[in-house]
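Trainee:
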Amino acid sequence: MGKTERTLLQVLRGASDENVSFADLCALLKHLGFDQRIRGSHHIFTKQGILEILNLQPKGAKAKPYQVKQVRQIIVRYKMAGESDEQ
Numbered sequence: 002m003g004k005t006e007r008t009l010l011q012v013l014r015g016a017s018d019e020n021v022s023f024a025d026l027c028a029l030l031k032h033l034g035f036d037q038r039i040r041g042s043h044h045i046f047t048k049q050g051i052l053e054i055l056n057l058q059p060k061g062a063k064a065k066p067y068q069v070k071q072v073r074q075i076i077v078r079y080k081m082a083g084e085s086d087e088q
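Mapping to our numbering: the sequence shown position 15 is 16, numbers consecutive.
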């Protein structure tokens, strides 16, 4: 199991949102086909077909728990958990 798969499972499990690495969360979103734009500390993720825009900022080396929850909601809502091989 690769690092992105482990991060995906950690995000979907929802048991430790405060312990998700910001770099791993960004890598997961890029792996799922999101485009990343950076404005200062704001990492903005968009994807064609996804109405929501994810605006993430790090808290030290970790992702903010409420932003991990937002990512989880997008992955579940658009059924993206098995999509990593499509691009």
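Positions of the beta carbon are idealized from the N, C-alpha and C atoms, including for glycine.
Rounded to whole angstroms, what's the CA-CA distance from His-32 to Gly-61? Just pull it up for me.
Mentor: Taking the first residue of the sequence shown as 1, we reach residue 32 at position 31. Taking the first residue of the sequence shown as 1, we reach residue 61 at position 60. Cα-Cα distance, rounded: 22 Å.
Trainee: Which whole-angstrom value is the C-beta distance of Gln-74 and Leu-55, which I expect to be below 8 Å?
Mentor: Start at 1 with the first residue of the sequence shown, and residue 74 comes out as number 73. Start at 1 with the first residue of the sequence shown, and residue 55 comes out as number 54. With 8 Å as the limit, Gln-74 and Leu-55 do not qualify as a contact, their Cβ atoms being about 10 Å apart.
Trainee: Helix, strand or coil for Phe-35? Go by DSSP, reduced to three states.
Mentor: Residue 35 sits at position 34 when you count from the first residue of the sequence shown. DSSP places Phe-35 in coil when its eight states are reduced to three.
Trainee: Threshold first: 3 residues or longer. Then list the beta strand (DSSP E) segments lying entirely within the stretch 38–83, N to C.
Mentor: Whole beta strand (DSSP E) segments, 3+ residues: 43–47, 55–57.
Trainee: Assuming contact is defined by CB atoms lying nearer than 8 Å, are Leu-9 and Ala-82 in contact in what I supplied?
Mentor: Indexing the sequence shown from 1 puts residue 9 at position 8. Indexing the sequence shown from 1 puts residue 82 at position 81. Closer than 8 Å, so yes.
Trainee: Would you kindly work out how many angstroms separate the C-alpha atoms of Met-2 and Val-69, rounded to a whole number?
Mentor: Numbered from its first residue, the sequence shown carries residue 2 at position 1. Numbered from its first residue, the sequence shown carries residue 69 at position 68. Between Met-2 and Val-69, the C-alpha separation is close to 21 Å.
Trainee: Taking Cβ to Cβ, would you say Val-21 is nearer than 8 Å to Lys-48?
Mentor: As a working mapping, residue 21 is identified with position 20 in the sequence shown. As a working mapping, residue 48 is identified with position 47 in the sequence shown. For Val-21 and Lys-48, no; Cβs fall outside 8 Å.
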